[in-house]
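Trainee: I'd like to ask some things about the structure below.
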Amino acid sequence: MNSEAIAKEKVDAWFAQWTSLQAAIHTAHDARNGLAKGLMEDAIELFEQLVQAAGDEVLPINGIERLAFIKAKPGQYACYRQLDELFKETKKRTARLRIQASKS
């Protein structure tokens, strides 16, 4: 685990980017304008960069399998929901790991 990469400021920056993408993806799905797939590919790349920077310890349970599901059909709404859950769970894990690191 990279303690510097899970510092609150760095994690907050990753999740600020996700929040912005999330709103755009949600709007694209509502509009059914075909833009969701490209936005999802950007969001998947963001998630992978976060995991690569912070370390595999931040991945939620079944994270690799869930990410494979998302990558298989990134334009589907179900994949957007799954990616949203991965980001939420990863945020919780980084917070927990940060607390554990500060105690040791």
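Following the working numbering, the residues of the sequence shown are numbered contiguously, the last one being 97.
Just so you know, even glycine gets a beta-carbon here, dropped at the ideal spot from N, CA and C.
Since the model is a prediction, treat every value here as computed from it, not as a measurement.
1) Output yes or no for whether 7 Å exceeds the beta carbon distance between Leu87 and Val51.
2) Under three-state DSSP, which class holds Asp28?
3) When you compare the stretch 64 to 82 with the stretch 30 to 38, are there three or more beta-carbon pairs, one atom per stretch, that lie closer than 8 Å?
4) Which whole-angstrom value describes the C-beta separation of Arg59 and Leu79, a residue pair presumed to lie in contact below a C-beta threshold of 8 Å?
5) Would you kindly report the start and end of the unbroken alpha helix (DSSP H) that includes Ser95?
Mentor: Checking against the coordinates, here is how it stands:
1) According to the sequence shown, residue 87 is Thr rather than Leu. Yes; because the gap between Cβ atoms is below 7 Å, this pair is in contact.
2) The sequence given here places Leu at residue 28; Asp does not occur at that position. In the structure shown, Leu28 falls within a coil segment according to DSSP collapsed to helix, strand and coil.
3) Segment contact: the stretch 64 to 82 against the stretch 30 to 38, three or more CB-CB distances shorter than 8 Å; contact assigned.
4) Yes, Arg59 and Leu79 are in contact; Cβ-Cβ is about 6 Å, under 8 Å.
5) Per DSSP, Ser95 belongs to the alpha helix (DSSP H) from 70 to 96.
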